[in-house]
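Enquirer:
2 protein chains.
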Amino acid sequence: VDSHVHIESSMMSPAGFAAAVLPRGTTTVVVDPHEIGNVLGLRGVRYMLDATAGLPLRVFVQAPSCVPAVPDLETAGAAFGAAEVAEMLSWERVVGIAEVMDYVGVLEGEERMTGVLDAAHEADTVISGHCPGLRGRELAAYLVAGPRSDHEVENHQELLEKLRLGMTVEVRDSSFSENVRATAWAVEKLSGVPPNLVACTDDVYPTDLRRHGHLDHLIRSMVAAGIPPLDAVRTATLHGANRHRLHNLGTLAPGRWGDVLLVESLEEFFVDEVFVGGRLVARRGSLVDALPRASVPLEEENTVHLTPPPRPEDFVLRSSRDRQEERLRVMVLEPDGTRGLTTLTFPVREGRVDISAHPGVCLVAVLERHGKGGRRSLVPVRGLKLKQGAVATTVAHDSHNLLVVGRDPEEMVVAARELAQVAGGVCCAAGGEVVASLPLPIAGLMSPLPLEELAPRMDALNEVLHDLGMDYREPLSPILGLALPVIPHYGITDRGLVDVDRQVVVPVRAG
Amino acid sequence: VDSHVHIESSMMSPAGFAAAVLPRGTTTVVVDPHEIGNVLGLRGVRYMLDATAGLPLRVFVQAPSCVPAVPDLETAGAAFGAAEVAEMLSWERVVGIAEVMDYVGVLEGEERMTGVLDAAHEADTVISGHCPGLRGRELAAYLVAGPRSDHEVENHQELLEKLRLGMTVEVRDSSFSENVRATAWAVEKLSGVPPNLVACTDDVYPTDLRRHGHLDHLIRSMVAAGIPPLDAVRTATLHGANRHRLHNLGTLAPGRWGDVLLVESLEEFFVDEVFVGGRLVARRGSLVDALPRASVPLEEENTVHLTPPPRPEDFVLRSSRDRQEERLRVMVLEPDGTRGLTTLTFPVREGRVDISAHPGVCLVAVLERHGKGGRRSLVPVRGLKLKQGAVATTVAHDSHNLLVVGRDPEEMVVAARELAQVAGGVCCAAGGEVVASLPLPIAGLMSPLPLEELAPRMDALNEVLHDLGMDYREPLSPILGLALPVIPHYGITDRGLVDVDRQVVVPVRAG
């Protein structure tokens, strides 16, 4: 039982995701369709249910609680309030409220979060949480408001405190971060795995899924960190089932649903055979039968609405013709992933800011793509390491507008137009043409390709990004998170440069 | 959290029960109002809810599943089928289906039990079980049908098997039986207390409640049997709350309901202070404030309907005037509590069987008292040890008709008429007058008296029974169970002598 997962992070359709994780031994997932919710609202959440009906993977959904992440600082495709959440909770297979990320809103009694939590209490449902760094009285206040779980922890002590307060801690080893070692440390302090420890994968890229696996990989990570194998398995079975009130799962016993894994060794946890509802569905890493294909109309829809089409001037910082130079605020990507700010002076030529004077600086554009007014922003960024070419993506957390990175407007236009053409995804342009492309036509987030075809394409794209100068392990990661207005201390949305701490848009021009 | 309790067994009103158990540290009870359900049907169950509204004791109710215990072999005041169960499940504070005792009906797919279980599945609610001696394939079949808990076990191995099959085992130390030692043995085999072990008191007489306590006594029993104190507490808190899906109970943490006990020592577990919802309700064995008194009309109602009033001839076994003797089937109460059968020859005088020839034989009469036809039966019984006088009771599991035991019809009439007079209860007659009386005017099962007054009256009644020859520790117990048509191998209902194994009524006349 995966207690918290965003299928969209796998970049596969729900059916493709199911085909990828079932042979790894994941038989039940509790899904937060937060990404597609930001793009398509209730239709997006509905899609996750429709596209998983009849699959052998048991898919339960939590109603996304924070769509959009920060209402006034970005333009998402939809907004969920109490009414939308109440409606989702009335749907079959919707089993709770997904990670309540806006903990500041919760603590301040902000209207949207209060309404969402009231709807959850009214339905007497599970409320999942997300509150990195929250401790002591503030954490207690958050718990009183309703959320009772978390996977975000900044350090070992915080994880232990959360367990001790009866919170469900979701042990995680995702493509972005892990809390497995902190968990192992806390488990030792508690002299054993408590019943409020469950397992989640949260976000796993297709590349990592193919290389490392899914919940099976998480169990191996836990065992490697010193958690006894049987206890590691319990977090991903009984504990998760209990947390989500799935009373027929998590125990191998008469009268329960017969989901069973056969493994050679609990320590190594390489899954040999997978049974769902008593039926063999996968053996030695492969499905026994192809999954049934549901026809879901939304999969044929182009959700990338760009009017007018991207133009070179979208990627040019203008100044006045009579200025020689311009002092601009520049977002700085630090090696630890936080985002700071500096001010640099750029030469101005014919009314256009010339960024070439600072070789470490790129431009980041965000183009609203949901047909909601078409705002477009442009902000200089240092630290991304892209030396030439351009990258465009419609996967841009959490509003998933079109985000384009580059140093040259012509290259940026090529990349952006390619995505309008293929209905979304990620692509690279260099030398005036598209050199790598990962089309994600389902909501601009997901591909219909199976893992075996998709993962190599993402590898290829990362390789191109390496060649263009981005020497990260996974160069896409910092790009896909640039638009998040909740990571300290800055972000870039279609509204412009967001000061996360003050929750305001600040002008790029510093002078 | 007491996971399974019949308030009626305390012989106190729900408010009296609450006043008695709160100072002992019981703050939540999951009640099976099975006894009053048999007397008054849905009105009786409704009464349990109405009479506990606003009390600091948290009272949740499970819908009784087997009213009456055996439909065709006794006359109860009501019968519950799928429709009644579904209705109860729609009421607030009704949190499941109470012990499904008719496991034979379940295994045979009998219509009533199938309907009741379907109603429970439809409501996705907790289904509690009761299946003494069931093992292996039959136990698996019972689990598949829905029930998932039990407190009835015939031996250690059975208890261990039930825990291993994921059943919730309710550890119990009631006035009638205990499984604490079997539990301690199983816990050792499992190397620890599993999460599916919860605590219940089931049936506790006022006398035992006063002498030994309630859940506090059970925790002391568990600790004495070798279960670690913290684990013993967990069964009666977290585990019970989880089992009954009471997600705000069982954990001392922000956002949960603040039910807290202060004890000097976890081992001795004498409760010093009791907080409910954060408010101090009891200290050093006494309530801080008197409980609010709800006015519940049903408490003023006489539910003992006997038309015509009991007559001497109800207690005379007739024969024909021309017979000299009669061979009769005689139920035999064995020292271990089972009930066998023998055949004895009795002299007949003037058409009346004379039982005085067999000093160890009493007569047991059951008079239907719900206004449902007024059947009356009379059966000779050996082994009750009552040498003189008569005992009458409207507490006669499970249908709670009027049951009278005696050797002399005149004494039996006196006892029976007394109960018609006081609206039910238990009383003793000797020498032509009532010598001890425990009026239970609420449904013929419960008294409005507080524990401090009720328990001494029951002690006095037991003492009289001792004097009349019944040298049991608690002489009332064998009498109150005589009418149960589910204890091997015989019982006595208003229909007559019931062969429990064959589930038929057999005639008293053997010849």
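Chains as they are written, first to last, in our numbering: chain A, 10 to 520; chain B, 10 to 520.
Just so it is clear, CB atoms sit at the ideal spot from N, CA and C, and this is done for glycine as well.
Check distances from the C-beta atoms of the segment 257 to 283 of chain A to those of chain B and list, in chain order, the residues that come in under 8 angstroms.
Expert: Here the close residues are 260, 261, 262, 263, 264 and 265.
Enquirer: Could you say which of 466(B), 389(B) and 315(B) lies nearest to residue 446(B) if we only look at CA atoms?
Expert: Position 437 of the second sequence, counting from 1, holds the residue named residue 446(B). Looking at the Cα atoms, 466(B) is the closest of the given residues.
Enquirer: For residue 517(A), which residues from the same chain have a beta carbon less than 8 angstroms from its beta carbon, with the 5 sequence-adjacent residues on both sides left out?
Expert: Sequence index remark: in the first sequence, residue 517(A) carries index 508 (1-based). Around residue 517(A): 326, 337, 338, 387, 388, 389, 505 and 506.
Enquirer: What does residue 66(B) pair with, by DSSP beta-bridge criteria?
Expert: Start at 1 with the first residue of the second sequence, and residue 66(B) comes out as number 57. Per DSSP, residue 66(B) has no beta bridge partner at all.
Enquirer: I need the straight-line Cα distance from residue 232(B) to residue 272(B), nearest angstrom please.
Expert: Within the second sequence, the letter at position 223 stands for residue 232(B). Within the second sequence, the letter at position 263 stands for residue 272(B). The alpha-carbon atoms of residue 232(B) and residue 272(B) are separated by roughly 15 angstroms.
Enquirer: Which two residues bound the contiguous beta strand (DSSP E) that contains residue 301(B)?
Expert: For the purposes of this step, residue 301(B) is taken as the residue at position 292 of the second sequence. First-last for residue 301(B): undefined, no H or E at that position.
Enquirer: Using beta carbons (cut-off 8 angstroms, strictly below), is residue 55(A) in contact with chain B?
Expert: On the first sequence, residue 55(A) is found 46 positions in, with the first residue counted as 1. Closer than 8 angstroms: no.
Enquirer: So with Cβ pairs under 8 angstroms, would you call residue 175(B) a contact of chain E?
Expert: Absent here is chain E; the protein component of the structure consists of chains A and B.
Enquirer: Using the C-alpha atoms, what's the distance from residue 246(A) back to residue 529(A)?
Expert: Nothing in the structure corresponds to residue 529(A), since chain A is present only between 10 and 520.
Enquirer: Residue ranges of each beta strand (DSSP E) run of no fewer than 3 residues wholly in the segment 28 to 87 of chain A, ordered along the chain?
Expert: 37 to 40 and 67 to 72
Enquirer: Going along chain A in order, which residues have a C-beta closer than 9 angstroms to the C-beta of residue 204(B)?
Expert: For the purposes of this step, residue 204(B) is identified with residue 195 of the second sequence, where counting begins at 1. Contact annotation for residue 204(B) against chain A: 204, 247 and 251 [CB-CB distance below 9 angstroms, chain order].
Enquirer: Are any of the Cβ atoms in chain A nearer than 8 angstroms to that of residue 129(B)?
Expert: Here the question's residue 129(B) lines up with position 120 in the second sequence. No, residue 129(B) does not count as interfacial toward chain A.
Enquirer: For chain A, check one thing: does any of its Cβ atoms lie closer than 8 angstroms to the Cβ of residue 153(B)?
Expert: Here residue 153(B) is taken as the residue at index 144 of the second sequence, counted from 1. So, interface residue.
Enquirer: Just the C-alpha distance for residue 399(B) and residue 434(B), rounded to the nearest angstrom, thanks.
Expert: Here the question's residue 399(B) lines up with position 390 in the second sequence. Here the question's residue 434(B) lines up with position 425 in the second sequence. Rounded to whole angstroms, residue 399(B) to residue 434(B) spans 14 angstroms at the Cα level.
Enquirer: Anything in chain A within Cβ reach of residue 254(B), meaning under 8 angstroms, just list it in chain order.
Expert: Walking along the second sequence from the start, residue 254(B) turns up at place 245. Here the neighbours are 254.
Enquirer: Is the shortest distance between the beta-carbon of residue 132(A) and the beta-carbons of chain B less than 8 angstroms?
Expert: Locating residue 132(A) in the first sequence gives position 123, where the first residue counts as 1. It does not; no Cβ of chain B falls within 8 angstroms.
Enquirer: Could you pull the DSSP bridge partners for residue 348(A) from this structure?
Expert: In the first sequence, the residue the question calls residue 348(A) occupies position 339. According to DSSP, residue 348(A) bridges with 342(A).
Enquirer: Of the residues 54(B), 142(B) and 255(B), which one's Cα is nearest the Cα of residue 12(B)?
Expert: Here the question's residue 12(B) lines up with position 3 in the second sequence. In terms of Cα proximity to residue 12(B), the closest of 54(B), 142(B) and 255(B) is 255(B).
Enquirer: When you compare only the Cα positions, how much space is there between residue 192(B) and residue 153(B)?
Expert: By 1-based counting over the second sequence, the position of residue 192(B) is 183. By 1-based counting over the second sequence, the position of residue 153(B) is 144. Those two C-alpha atoms are separated by around 24 angstroms.
Enquirer: Examine the Cβ distances between the segment 154 to 161 of chain B and the segment 130 to 139 of chain B and report whether three or more of them are shorter than 8 angstroms.
Expert: yes
Enquirer: Which residue from 291(A), 181(A) and 424(A) puts its Cα closest to that of residue 320(A)?
Expert: As a first step, residue 320(A) is located in the first sequence; it is residue number 311 there, counting from the start. Nearest option by C-alpha distance: 424(A).
Enquirer: Is it right to say residue 211(A) is buried, meaning 16 or more other beta carbons lie within 10 angstroms of its own, or is it exposed?
Expert: Locating residue 211(A) in the first sequence gives position 202, where the first residue counts as 1. Counting Cβ neighbours within 10 Å, residue 211(A) comes out buried, since at least 16 surround it.
Enquirer: Quick check on the burial criterion: 16 or more other C-beta atoms within 10 angstroms. Buried or exposed for residue 63(A)?
Expert: By 1-based counting over the first sequence, the position of residue 63(A) is 54. Exposed, since its Cβ has fewer than 16 Cβ neighbours within 10 Å.
Enquirer: Go ahead and pull the three-state DSSP assignment for residue 133(B).
Expert: On the second sequence, residue 133(B) is found 124 positions in, with the first residue counted as 1. Reduced to three states, the DSSP call for residue 133(B) is coil.
Enquirer: What span of residues does the beta strand (DSSP E) with residue 106(B) cover, start to end?
Expert: In the second sequence, the residue the question calls residue 106(B) occupies position 97. Residue 106(B) -> beta strand (DSSP E) spans 103 to 109.
Enquirer: Can you pull the chain B neighbours of residue 157(A), defined as C-beta to C-beta under 8 angstroms?
Expert: Translated into positions along the first sequence, residue 157(A) becomes position 148. Under the 8 angstroms cutoff, chain B gives 264.
Enquirer: Does the beta carbon of residue 149(A) sit closer than 8 angstroms to a beta carbon anywhere in chain B?
Expert: Looking up residue 149(A) in the first sequence gives position 140. Yes - at least one Cβ of chain B is within 8 angstroms of the one on residue 149(A).
Enquirer: Please state if the CB of residue 94(A) and the CB of residue 128(A) are separated by a distance shorter than 8 angstroms.
Expert: Residue mapping note: residue 128(A) aligns to position 119 of the first sequence, counting from 1. Residue mapping note: residue 94(A) aligns to position 85 of the first sequence, counting from 1. Result yes, Cβ atoms of residue 128(A) and residue 94(A) sit closer than 8 angstroms.
Enquirer: What does the alpha-carbon distance come out to for the pair residue 167(B) and residue 155(B)?
Expert: As a position in the second sequence, residue 167(B) is number 158, starting the count at 1. As a position in the second sequence, residue 155(B) is number 146, starting the count at 1. Taking the straight line joining both Cα atoms gives about 19 angstroms.
Enquirer: For residue 116(A) and residue 151(A), I'd like the C-alpha separation in whole angstroms.
Expert: Reading the first sequence from its first residue, position 107 is the one you call residue 116(A). Reading the first sequence from its first residue, position 142 is the one you call residue 151(A). Approximately 6 angstroms, taken between the alpha carbons.
Enquirer: Who are the Cβ neighbours of residue 529(B) in its own chain at under 6 angstroms, not counting the five residues just before and after it?
Expert: As displayed, chain B neither begins before 10 nor continues past 520, which places residue 529(B) out of reach and without an answer.
Enquirer: May I have a chain-ordered list of the beta strand (DSSP E) segments no shorter than 3 residues that lie completely inside the segment 266 to 323 of chain B?
Expert: Look at the segment 266 to 323 of chain B and you find these whole runs of beta strand (DSSP E), each 3 residues long or longer: 269 to 272, 280 to 285 and 288 to 292.
Enquirer: What residue from 88(A), 121(A), 65(A) and 395(A) has the CA that sits closest to residue 283(A)'s CA?
Expert: For the purposes of this step, residue 283(A) is identified with residue 274 of the first sequence, where counting begins at 1. Here the closest residue by C-alpha is 65(A).
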